[in-house]
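Q: Take this structure first; my questions come after.
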Amino acid sequence: MNKLTKVMTSAALSVAILSLAGCGQSDTNASTPQEDVKTETKVQEQKSPLQDPKHVADRYLSYIYDAKTAEIQDITGASSSEFKEEQKDFFSERAGAVTPIEYPLVIEYEGFSELYTPEKIKDEYATAMVNYFEQIDNYSIKNVEESENGAEITVETEGLAMNALASQANSYMDSLIGFDQNLALSKYPSDTTQKANAVLQFWAMGEIFQQGNKAPMLDQPTTFTMYLEKDNRGDYKATEDTMSDVYSGSKLDTYEDGK
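In mature numbering (1 follows the signal peptide of the UniProt record, and there is no 0), the protein residues as written are -21 to -1, 1 to 238.
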């Protein structure tokens, strides 16, 4: 009887040990709710900031308004120097679309004249415009609407008063002693002279910027939308139209004096 009891006790003890071992292994492998939260938090922490459209939009606006360069290659696909050239090309191309800048200007000053080549006119105008938009101080993102392929961003900003800027350019030309508009446009064919007046304004805008001119701003903020596309990794990028969205939305062809 004692022998049977001993055998049974040993068997029961073995089962108990196996059960405890099994329980211990189960407890080791099972994750607690607290661990699940930590894992989820870690995944969230590893999410790329480029997957946040507001972050990407804010970065892009800082390139245009503040001349900053953080993450510019990732967002635009261009280096900071390449992006600056793209900005200048944007304005050069649009200036030429108004009136082809194909001939030099002959600018008469007091006692001497100077020849401005088409390349110099476009370069100085484009440089001025890039810098005029960098004079915008106040802007903010008002809304973000995400979709499967991208995001539409609503921006409120100070805006350039373009006609007021043109008036500044005209006033500058009027102030030049000895300036002769007919002489200035003498290299242009007679049938294009009237349209070529725009070339004079482009030239003057570049000149007044070099003399420290500040761009006239609208009295009230303006609102526009810009679009970002989403790649297959979920990162947001600027499109070929994003620059146009921002520049076109940050100005008005207005007769307001600005401030």
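Virtual Cβ for every residue (Gly too), placed ideally from N, Cα, C.
Check for me: the alpha helix (DSSP H) holding residue 142 runs from which residue to which?
A: Counted from its first residue, the sequence shown places residue 142 at position 163. Taken as a continuous stretch (DSSP letters only), the alpha helix (DSSP H) holding residue 142 covers 141 to 154.
Q: Within 10 angstroms of its Cβ, does residue 138 collect 16 or more other Cβ (buried), or is it exposed?
A: Walking along the sequence shown from the start, residue 138 turns up at place 159. Looking at its Cβ environment, which holds 16 or more other Cβ atoms inside 10 Å, residue 138 is buried.
Q: As a quick exercise: from 26, 27, 36, 31, pick the residue whose alpha carbon is nearest that of residue 204.
A: As a working mapping, residue 204 is identified with position 225 in the sequence shown. If we check each option's Cα against that of residue 204, 36 comes out closest.
Q: Give the straight-line distance between the Cα atoms of residue 210 and residue 30, rounded to the nearest whole angstrom.
A: Here residue 210 refers to the residue found at position 231 of the sequence shown. Here residue 30 refers to the residue found at position 51 of the sequence shown. Their backbone Cα atoms lie some 10 Å apart in a straight line.
Q: What's the gap between the Cα of residue 129 and the Cα of residue 215?
A: Looking up residue 129 in the sequence shown gives position 150. Looking up residue 215 in the sequence shown gives position 236. About 7 Å.
Q: Ends of the alpha helix (DSSP H) at residue 110?
A: Translated into positions along the sequence shown, residue 110 becomes position 131. Per DSSP, residue 110 belongs to the alpha helix (DSSP H) from 97 to 112.
Q: When burial is assigned at 16 or more other CB atoms within 10 Å of the CB, is residue 148 buried or exposed?
A: The count along the sequence shown starts at 1 and reaches residue 148 at position 169. Of the other Cβ atoms in all chains shown, 16 or more fall within 10 Å of the Cβ of residue 148; this residue is therefore buried.
Q: Are the beta-carbon atoms belonging to residue 47 and residue 114 less than 9 Å from one another?
A: Working through the sequence shown from its first residue, we reach residue 47 at position 68. Working through the sequence shown from its first residue, we reach residue 114 at position 135. Not a contact, by the Cβ cut-off of 9 Å.
Q: CA-CA distance, residue 82 and residue 45?
A: Here residue 82 is taken as the residue at index 103 of the sequence shown, counted from 1. Here residue 45 is taken as the residue at index 66 of the sequence shown, counted from 1. For residue 82 and residue 45, the distance between alpha carbons rounds to 34 Å.
Q: CB-CB under 6 Å to residue 172, same chain, minus the five flanking residues each way: which ones, in chain order?
A: For the purposes of this step, residue 172 is identified with residue 193 of the sequence shown, where counting begins at 1. Excluding residues within five positions, the ones whose Cβ falls inside 6 Å are 164.
Q: If you follow the beta strand (DSSP E) that residue 205 is part of, which residue opens it and which one closes it?
A: In the sequence shown, counting from the first residue as 1, residue 205 sits at position 226. Taken as a continuous stretch (DSSP letters only), the beta strand (DSSP E) holding residue 205 covers 201 to 209.
Q: Is it the case that the region 82 to 100 contacts the region 151 to 161, given that we only count it when at least three CB pairs across the two stretches are under 8 Å?
A: yes
Q: Exposed or buried, what is residue 103 when buried is set at 16 or more other beta-carbons lying within 10 Å of its beta-carbon?
A: One-based indexing of the sequence shown puts residue 103 at position 124. Flag for residue 103 reads buried.
Q: Go ahead and label residue 77 buried or exposed: buried means 16 or more other beta carbons lie within 10 angstroms of its beta carbon, across all protein chains shown.
A: Within the sequence shown, residue 77 is the residue found at index 98, counting from 1. The residue is exposed, with fewer than 16 neighbouring Cβ atoms inside 10 Å.
Q: Under a three-way DSSP split, which group does residue 172 fall into?
A: One-based indexing of the sequence shown puts residue 172 at position 193. In the structure shown, residue 172 sits in coil (DSSP, three-state: anything other than H, G, I, E or B).
Q: Which of helix, strand or coil does DSSP assign to residue 33?
A: As a working mapping, residue 33 is identified with position 54 in the sequence shown. Three-state DSSP puts residue 33 in a helix.
Q: Hey, how far is the Cα of residue 188 from the Cα of residue 107?
A: Within the sequence shown, the letter at position 209 stands for residue 188. Within the sequence shown, the letter at position 128 stands for residue 107. If I take the Cα positions, the gap works out to 6 Å.
Q: Quick one: measure Cβ to Cβ for residue 123 and residue 33, integer angstroms, because I've assumed they're closer than 8 Å.
A: The residue labelled residue 123 in the question sits at position 144 within the sequence shown. The residue labelled residue 33 in the question sits at position 54 within the sequence shown. Residue 123 to residue 33, Cβ: 5 Å. Contact.
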